[in-house]
Amino acid sequence: MKKESAMKSYSSQELEKVVHYLDGPLRIALKENEAVILHADLKEGDCVLDIGCGTGFLSLIAAQKVNASGKVIGMDSRQEMLDVMQKKAEKRGLDHIIKPCLGDACSLEFSDNCFDAVVMSYVLHENSERTEILLSEIYRVLKPGKKLVISDFIKVADPERNKEIEAWHKGTDPESDADEVHLKFSLSDYISLFEKSNFKDVKGEIWIEFQGIVEGRK
Ligand SMILES: C[S@@+](CC[C@H](N)C(=O)[O-])C[C@H]1O[C@@H](n2cnc3c(N)ncnc32)[C@H](O)[C@@H]1O
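Here the UniProt record's numbering is used: the first residue of the sequence shown is 1, the next is one more, and so on.
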């Protein structure tokens, strides 16, 4: 998707394409969203932050886990995305649990130690020049002992294969710029980024060839 610096409002046609891309049937069939939420060890009553929530891909699953006594803050820098998530939450009767929040993940307007889990899918690669500040903000708002779980694109070892995957992305991501790189970090790069930001018990797994899940604990 487009870099934050190049952000503009979507036309309704563009928004439809982005929603179709983010909520596509293949993505749902992969059940990666459920795996991320499973890794986050959510319990009823938990308070969860979904950073760069988009159309609510993770927030909607998290809301079912934390139930009515819990809360999911779905945060995004695009109001259009939050509006789509809100409509989906209302349709599924989860709008009393999911709270949309407009903002920048690199400057979170939450107090220290207030979330039981932070989840984030396909956001870190879009903030590759601000990973340190983003991860330190997440660390700050997590309660001690609680987890950050992310899914994101993973750079593979073979450079030729990386090029093929990037070319495929350019054909599928409706917002992809000619110079945009999805596969910025390898699995070990993600693990180092987490460790540099003081996360403990950092683990990563490849979910499918070029997508993976990484978790760490405060
Ligand atoms: C590729 S989409 C993924 C959306 C959703 N997490 C999913 O997996 O379907 C990335 C989302 O993150 C948001 N985003 C990227 N950088 C952000 C930042 N620094 N602060 C808040 N939102 C951000 C974008 O607006 C976009 O909606």
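Ideal placement from N, C-alpha and C gives every residue a C-beta, glycine not left out.
Judged by their CB atoms, C114 and K143 are nearer to each other than the 8 angstroms cut-off. In this structure, DSSP gives E205 an extended state, which the three-state scheme calls strand. A direct Cα-to-Cα measurement between G145 and G56 gives close to 25 angstroms.
A Cβ-Cβ contact shorter than 8 angstroms links H125 with K184. Counting along the chain, the unbroken alpha helix (DSSP H) around S192 starts and ends at L187 to K196.
Going by C-alpha positions, G24 is about 24 angstroms away from I97. Short of 6 angstroms from the beta carbon of I138, and not among the five residues preceding or following it, lie these beta carbons of its own chain, in chain order: V118 and L148.
Inter-residue distance for H182 and N127 is about 11 angstroms (C-alpha atoms, whole angstroms).
Of R217, K99 and E209, the smallest CA-CA separation from L49 is found for K99.
Here DSSP, grouped into helix, strand and coil, assigns A105 to coil. Assigned with DSSP and collapsed to three states, V181 falls in coil, not helix or strand.
Comparing C-alpha distances from C47 to each of E34, S111, L30 and K91 shows the shortest one belongs to S111.
Excluding its 5 nearest sequence neighbours in each direction, E166 has C-beta neighbours in its own chain below 7 angstroms: V181, H182 and L183, listed in chain order.
As computed with DSSP, R217 is found in a beta bridge with K147 and K200.
Secondary structure note for V118: its beta strand (DSSP E) is the uninterrupted segment F115 to S121.
With respect to the C-alpha of S151, the residue from F194, E160 and E14 having the closest C-alpha is F194. Counted as a single uninterrupted DSSP element, the beta strand (DSSP E) harbouring K71 occupies residues K71 to D76. For I28, the uninterrupted alpha helix (DSSP H) run begins and ends at P25 to L30, by DSSP.
In this structure, A62 places its C-beta atom within 8 angstroms of the C-beta atom of L42. In the three-state reduction of the DSSP assignment, I154 falls in the coil class. In this structure, G52 sits near A105, with a CB-CB distance shorter than 8 angstroms.
Annotation for D50: the continuous beta strand (DSSP E) segment containing it runs C47 to I51. With fewer than 16 other beta carbons inside 10 angstroms of its own, L102 counts as exposed.
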